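Trainee: Just so we're aligned, residue 1 is where the sequence shown starts under UniProt numbering, counting upward by one.
Note that the Cβ used here is the ideal one computed from N, Cα and C, for glycine as well.
A quick note: this is a predicted structure, and the numbers were derived from the prediction, not measured.
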Amino acid sequence: MSPLLEQFLIEGRDFLEQIGQKLLSLEEDPGNEDIIGEIFRAVHTLKGNSGLFDMPSLTSVVHAAEDLLDRVRDRTMEMTPELTDALLDAMDFVNRLFEDVESRGAIRPDYSAQSADIAVRLRNLLPPRAPQAVGLFEEEEASRVEPPADWSWLGRVPDAERLAAFASLSAAASVFVVRYRPEAECFFKGEDPMLLVRTAPGILLFDITTPEPWPEAASLDVYRCNLQFDLVSSASAEEVEHHFRYVRDQAAFYTVPAVALALPSGESGAKAGGAVDDAMIAPIFLEQARDRLEAGDLDGLLAVTGTALDMINPALQVASALRWVKRLVEAGAGIGPVTFLIDALSRNARPDWSSYAGPMEGPQAVATAPSRPESVAEPAFALPIGDPEQARVSDDLVRTQIVMLQQPSRPVELAGRIRSVRNVVANLLGAMGETYALVALEEATRTALDGADAAPLIAFLDTIAFSGEMARDRIEVPALEPPLALMEIAPRETVLEGASRSAMPAAPPPPPPAPRAALPDPEAGDPGRRAGEAPGADRGVRVLKVSQEKVDRLMDLIGEMVVAKNALPYLAARAEDHFGSRDLSREIKSQYAIINRIAEEMQDGIMQVRMLPVGAVFQRFPRLVRDVSRQLGKLVRLVVEGEDTEADKNIVESLADPMIHILRNSLDHGLETPDVRRAQNKPEEGRLTVRASQEGDRVLIEIEDDGKGIDPDVIKRKAFEKGLIDEQRLETLSDAEAVQLVFAAGFSTADQISNLSGRGVGMDVVKSSLEKVGGQVQLTSVKGKGTRILLSLPLSMSVSNVMMVHIAGQQYGVPMENVVETVRVAGKDIHVFKEQRTAVLRGRIVPLYDANRLLSRDSAPQPNADGEYAVLVVRIGGQTVGIIVDGFAQTIDVILKPLEGPLACISGFSGSALLGDGSVLLVLNLKELL
């Protein structure tokens with residue numbers, strides 16, 4: 001799986017969780033426009049990101065969902081439970097698709113049919129769209145983009161582009177124009193402004209500008225969009241507005257007459273160095289043109305115009321005006337527009353078509369757009385030839401490309417860098433009119449790619465010259481120590497301010513060059529700092545996503561470090577006892593204290609990385625409660641508290657299945673239907689509360705409902721019928737003990753088996769699942785009032801803290817989570833009551849058990865010189881008991897490993913751990929032993 005696809009799946013799951021949560025929130029508050037907008041943007045981004053991969057099954061479903069949400073957003077649809085169900089089902093399908101891609105690396109073929117069915121189901125919910133007129137979007141959602149005050153921006157588009165566009169139109173027609181200014185953060189929302197503009201219907205031409213000046217290269221944020229698009233389309237207003245429907249607040253729509261494209265462009269006679277004959281032609285033409293117009297002789301005007309074009313320099317602005325006069329006459333624009341253009345020419349000015357109010361004429365049929373003639377082809381960027389500023393810009397741009405190529409990189413990065421430089425330089429050569437050098441550029445690029453070496457391309461860049469202004473000795477490549485990253489040297493490809501684009505450009509335009517003084521200085525601080533940021537300014541919290549395998553590996557290494565540092569006390573003891581070196585022993589202990597502190601800090605740090613809020617599990621429950629309660633015909637409000645409480649990732653994930661069992665039981669057995677609750681003077685809507693908190697090194701999860709509670713008499717009867725208790729136990733069982741029988745294997749109070757309950761595999765699974773991770777469960781219930789279940793789990797299960805005790809000459813470990821205290825009890829204070837040894841500790845009678853006997857050892861526990869026995873007081877299953885051992889050792893952190901092979905069936909041990917001296921410590925499972 002490629003890293004890009006892996007990242008898409010990670011982010012996609014985040015989007016799905018967000019969409020699911022927001023849909024449930026929207027169901028409770030259908031008119032909340034903020035929530036609608038958040039859902040729409042998440043689906044829109046998911047659709048945009050899916051376009052990077054060949055996943056038509058995914059794209060078709062999220063596209064249909066996006067269209068539905070768009071209608072909800074523009075208030076032509078209402079959010080209903082049926083619509084919520086359809087959208088949730090669609091997101092469930094996307095989640096299954098993600099799981100399939102993650103496990104198989106590809107999408108199963110049968111997903112195509114499922115995708116089509118879901119997309120059709122979603123689109124069938126769409127109401128018919130009412131016809132829209134131009135400007136309708138302004139009523140629905142105000143745009144933050146204002147249309148331009150005049151149409152002069154059209155003059156920035158190359159003359160040849162406008163002539164070709166006009167040829168496809170009727171002279172009397174109007175064209176639809178869009179000014180589109182993408183949001184600065186659009187890239188982070190999965191939007192592609194360039195693709196959106198390129199795929200617009202009926203596109204004739206467009207122009208790209210920068211609404212804000214480019215910052216210095218050192219402070220340029222390449223991920224911030226600073227572009228404005230002006231687009232001319234021959235399509236209908238409805239088609240164009242529908243195409244931009246997802247960014248309507250970022251676009252302005254208006255119409256202009258086709259003749260507005262007639263804006264002469266070119267050089268003045270003085271700038272072009274034109275001959276005296278050129279300067280004389282314009283007055284002569286103007287005089288003859290007016291005579292022909294007054295006579296209504298358009299054929300004569302065409303002849304005069306053609307003669308003038310043959311005589312005049314085609315690069316002049318007046319030549320452009322003559323070409324437009326010829327084109328207007330040929331298109332049948334009529335005398336009015338032609339006269340308006342000639343009057344502007346006589347004033348040596350561009351016509352302001354926004355002020356023209358005369359009549360328009362034109363042929364009835366619209367001509368088919370001819371293919372663009374090569375003779376009028378112009379470069380994508382029309383930079384003024386011979387301009388000194390242009391030479392400096394070109395010089396700086398080429399220097400920057402050389403510096404980029406000289407940076408160290410891997411082969412795959414170098415190939416992309418070579419292609420990027422080739423595109424930039426090709427655009428620059430075309431803009432400068434130096435097309436003769438393109439062949440050499442292609443040859444140098446091919447040689448560099450074949451040899452995986454940028455030297456041939458650098459050599460080419462080192463020798464090219466523009467208008468005689470650039471030479472080899474002018475290319476200064478600064479020595480960069482240390483090497484700067486590519487992003488610090490030059491921004492990604494963007495567009496020159498004020499540059500124009502054709503309708504379908506072949507390659508992105510080059511970036512704005514930075515002045516020489518603006519090249520990043522490696523000693524000047526952070527070159528990626530944004531404009532206006534002080535050095536060291538806080539840019540906010542940054543999140544780094546790391547795979548779980550890497551974190552787990554780091555946790556394992558820290559665990560090994562914990563074991564390794566535990567060997568130092570043994571070494572210190574050997575240094576003193578066996579080698580008689582007290583100084584060495586003292587030094588080892590000193591170093592142990594330092595290493596122990598560092599290891600504990602590292603362990604705490606990585607534990608914080610592994611911590612997850614329990615909300616990661618809780619966020620699944622609103623959907624579960626909604627679906628199950630609707631299926632059962634019950635009204636239930638879920639209240640979630642403390643979802644920010646954190647625990648180890650493995651602990652949090654272990655909560656999912658047990659809590660689903662508990663919530664299903666509460667919904668099915670605990671909470672009543674509205675009519676039953678009404679008869680009991682309860683609110684029709686039941687309340688189900690999930691609450692999380694932290695207490696010491698434990699996480700507490702409380703699930704409470706205000707339903708009918710648990711009837712202990714029913715529990716006793718069902719347990720007796722299933723043979724879980726005998727008749728004697730039935731008579732002596734208290735109500736509090738009776739409700740605990742729900743945790744017995746196979747117990748169920750349901751009379752019928754359904755997809756929710758009745759199979760007897762519920763609460764016992766909850767208890768066993770929690771105990772596997774060191775958790776506990778407590779249940780209390782009051783008949784007619786409700787039920788409360790408390791789950792208690794450790795914060796972490798990676799490193800275990802155990803107390804070492806001596807039993808029959810061996811060392812064993814006891815989990816500290818079970819230890820209450822350690823005491824010494826005199827033999828005379830131990831009494832036998834009903835064949836059970838007991839002792840009174842802190843005013844309570846505590847049963848005592850012989851650890852030797854529990855482990856089937858023949859030896860008896862040995863008292864100390866004062867006749868006192870070592871008693872380890874522990875709490876097991878809510879009961880306090882004492883374990884008589886031979887002696888206490890110390891507490892220690894260990895990595896607990898489960899027993900494997902033939903030893904795995906021995907239930908009396910939780911696992912084993914390796915001690916610092918190389919010996920193995922068996923950790924007791926007191927619950928099984930007792």
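In the DSSP output, what is S800 paired with across the bridge?
Mentor: V894
Trainee: Evaluate the contact criterion for the region 724-732 versus the region 828-843: three or more CB pairs, one atom per stretch, below 8 Å.
Mentor: no
Trainee: With a threshold of 16 other CB atoms inside 10 Å of the CB of T199, please say whether the residue is buried or exposed.
Mentor: Burial call: exposed.
Trainee: In the structure shown, what three-state DSSP assignment does Q407 receive?
Mentor: coil
Trainee: Could you work out which residue in G416, L428, L405 and L429 is closest to L457 when comparing CA atoms only?
Mentor: L405
Trainee: Can you tell me the Cα-Cα spacing of A616 and F98, whole angstroms?
Mentor: Cα to Cα, A616 sits roughly 18 Å from F98.
Trainee: Can you find the residues in the same chain that come closer than 6 Å, C-beta to C-beta, to E704, ignoring five residues on each side of it along the sequence?
Mentor: T689 and R788
Trainee: I want to check one thing, is the minimum distance from the CB of V920 to the heavy atoms of the ligand MN below 7 Å?
Mentor: This structure simply doesn't include the ligand MN, nor any ligand for that matter.
Trainee: In angstroms, rounded to a whole number, what distance separates the CA positions of N226 and A184?
Mentor: 6 Å
Trainee: Classify L730 as helix, strand or coil using the three-state DSSP reduction.
Mentor: helix
Trainee: Can you tell me the Cα-Cα spacing of N925 and S907, whole angstroms?
Mentor: 7 Å
Trainee: Taking the C-alpha atoms as reference points, what is the distance between N313 and R410?
Mentor: 51 Å
Trainee: Does the beta-carbon distance from E46 to F93 come in below 8 Å?
Mentor: According to the sequence provided, residue 46 is Leu. The question's Glu does not apply to it. Cβ atoms of L46 and F93: not closer than 8 Å.
Trainee: In this structure, how does DSSP classify T199 when only helix, strand and coil are distinguished?
Mentor: coil
Trainee: Does the distance from the CB of V777 to the CB of K767 come in under 8 Å?
Mentor: yes
Trainee: Indicate the three-state DSSP secondary structure (helix, strand or coil) for Q862 in the structure shown.
Mentor: If DSSP states are grouped into helix, strand and coil, Q862 belongs with coil.
Trainee: From what residue to what residue does the alpha helix (DSSP H) around I598 run?
Mentor: Here the alpha helix (DSSP H) through I598 covers R582 to R610.
Trainee: Excluding five sequence neighbours on each side, which residues of the same chain lie with their C-beta closer than 6 Å to the C-beta of L700?
Mentor: S693 and S792
Trainee: Taking its Cβ as the centre, do 16 or more other Cβ atoms sit within 10 Å of Y111, making it buried, or is it exposed?
Mentor: buried
Trainee: State the DSSP-derived secondary structure class of F621, mapped to helix, strand or coil.
Mentor: Reduced to three states, the DSSP call for F621 is helix.
Trainee: May I have the straight-line CA-CA distance separating L328 from D395, to the nearest angstrom?
Mentor: 41 Å
Trainee: Counting only beta-carbon atoms, is M555 nearer than 8 Å to chain C?
Mentor: Included in the structure is just one protein chain, with no chain C present.
Trainee: Does the distance from the CB of A64 to the CB of A119 come in under 8 Å?
Mentor: Their beta carbons are under 8 Å apart, which means A64 touches A119 by this criterion.
Trainee: If we ignore side chains and look at the alpha-carbon of each, how far apart do E817 and M803 end up?
Mentor: 10 Å
Trainee: On the premise that F747 lies in contact with K718, defined as a C-beta separation below 8 Å, what is that separation, rounded to the nearest angstrom?
Mentor: Correct: roughly 7 Å between the Cβ atoms.
Trainee: For the alpha helix (DSSP H) containing H243, list its first residue and its last residue.
Mentor: A237 to H243
Trainee: Between V920 and V814, what straight-line distance do the alpha-carbon atoms span, to the nearest angstrom?
Mentor: Note on geometry: alpha-carbon atoms of V920 and V814 lie some 14 Å from one another.
Trainee: Write down the C-beta distance between A262 and P351 rounded to the nearest angstrom, noting that I regard them as a contact closer than 8 Å.
Mentor: Between A262 and P351 a beta carbon distance of about 7 Å is seen, short of the 8 Å cut, so the two are scored as contacting.
Trainee: So, is Q680 buried or exposed, given that buried needs 16 or more other C-beta atoms within 10 angstroms?
Mentor: exposed
Trainee: Here's a check: name, in chain order, each residue in its chain whose Cβ is nearer than 7 Å to the Cβ of K545, leaving out the five neighbours to either side.
Mentor: I10
Trainee: Given that a residue counts as buried once 16 or more other Cβ atoms are within 10 Å of its Cβ, and exposed if not, what is S910?
Mentor: buried
Trainee: DSSP state of F833, grouped into three classes?
Mentor: Residue state, collapsed to three classes: strand.
Trainee: Check the C-beta distance from E685 over to R637 and give it rounded, since I have them as a contact under 8 Å.
Mentor: 5 Å
Trainee: Looking at the secondary structure, which residues open and close the alpha helix (DSSP H) in which Y111 lies?
Mentor: Y111 to N124
Trainee: Suppose the cutoff is 7 Å on Cβ atoms and the five residues either side in sequence are ignored; what does the same chain contact list for S769 look like?
Mentor: S654, D657 and P658
Trainee: Give the DSSP-derived three-state secondary structure of G498 in the structure shown.
Mentor: Any reading at G498 needs caution, since the residue's pLDDT is 36, under 50, leaving its predicted position unreliable; the model's value is listed next. Reduced to three states, the DSSP call for G498 is coil.
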